[in-house]
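**Q** Could you have a look at this structure, given as structure tokens, before my questions?
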Amino acid sequence: GLRADDPRFHVVPNYVNTELFTPASRPGYNGRIVIVARLSKEKNLDTLIRALEGSEYELEIVGNGPLRQELEQLAHSLDVKVIFRGTLPHRQVHACYSNAQVFILCSSYEGMPKSLLEAMCCELAVIGTDVQGIRDIIENNVNGLLCKPNAEDIRRTLDHLFNNGDLRERLGARARKDIIEKFSLGKIAHQEYSILDSLVS
3 GLRADDPRFH VVPNYVNTEL FTPASRPGYN GRIVIVARLS KEKNLDTLIR ALEGSEYELE
63 IVGNGPLRQE LEQLAHSLDV KVIFRGTLPH RQVHACYSNA QVFILCSSYE GMPKSLLEAM
123 CCELAVIGTD VQGIRDIIEN NVNGLLCKPN AEDIRRTLDH LFNNGDLRER LGARARKDII
183 EKFSLGKIAH QEYSILDSLV S
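With my numbering applied, the sequence shown closes on residue 203, and no number is skipped along the way.
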């Protein structure tokens with residue numbers, strides 16, 4: 003029953019360590035996709051794996067969760083190249099972003115996905131499903147691409163992005179610019195300070 007436009011509510015987004023998550027020299031075309039997420043139903047990872055059937059793309063999944071065994075079996079049955087990394091420290095996650103060409107988050111719903119912010123901060127071209135939480139961050143064809151949460155549209159969007167290096171570069175550059183301007187620690191700390199200041203005064 004809460005209303006988003008109630009003036010009593012102030013939403014402070016996640017911040018990103020812009021000094022840790024920095025751009026790196028990208029490899030030549032390698033067809034690698036990375037996702038950092040909990041392996042649970044709402045992340046829609048089974049649909050992502052099905053979207054890659056018959057492709058040469060390689061998917062790297064960072065994270066753990068209750069669906070890991072099920073997803074491993076699905077990838078094997080469809081002959082999809084998937085690397086399950088499990089949970090990694092931040093610096094190793096940064097290396098995963100650096101070695102990929104596309105980040106994707108294909109969730110059915112989201113809050114404020116920090117992994118999406120981190121990937122964008124690394125100047126990585128990103129794809130996200132057109133759901134609340136993701137579309138609040140991605141402006142379609144400006145700092146990333148939005149797609150529907152089904153296998154056909156995920157695959158279409160991936161193909162479009164992988165076939166257009168200039169687009170990947172443009173989206174990645176704008177993504178980092180937006181993160182620095184809106185989600186750096188300094189920006190978010192200032193928002194929190196302003197809210198606290200208004201409360202005590």
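From the three backbone atoms N, C-alpha and C, an ideal C-beta is built for every residue, glycine too.
Could you spell out the range, first to last residue, of the beta strand (DSSP E) harbouring Phe164?
**A** No beta strand (DSSP E) contains Phe164, which is instead part of the alpha helix (DSSP H) from Ala153 to Phe164.
**Q** Mapping DSSP to helix, strand and coil, what is Asn66?
**A** coil
**Q** Taking Cβ positions, are Ile182 and Thr20 nearer each other than 8 Å?
**A** yes
**Q** Can you list the alpha helix (DSSP H) stretches of 4 or more residues lying completely in the segment 87–153, in chain order?
**A** 92–101 and 116–123
**Q** Evaluate Lys179 with the Cβ neighbour count: other Cβ atoms within 10 Å of its Cβ, from every protein chain shown; 16 or more gives buried, anything less gives exposed.
**A** exposed
**Q** Answer with buried or exposed for Ser200, where buried requires no fewer than 16 other C-beta atoms within 10 angstroms of its C-beta.
**A** Counting Cβ neighbours within 10 Å, Ser200 comes out exposed, since fewer than 16 surround it.
**Q** So what's Leu61 in DSSP terms, helix, strand or just coil?
**A** Here Leu61 sits in strand by DSSP.
**Q** Between Gly3, Val14 and Lys45, which lies nearest to Tyr195 when the distance is taken from Cα to Cα?
**A** Val14
**Q** When the distance is taken between beta carbons, is Tyr111 closer than 8 Å to Phe105?
**A** no
**Q** Among the candidates Ser117, Gln71 and His12, whose CA atom is the shortest distance from the CA of Ile139?
**A** Ser117
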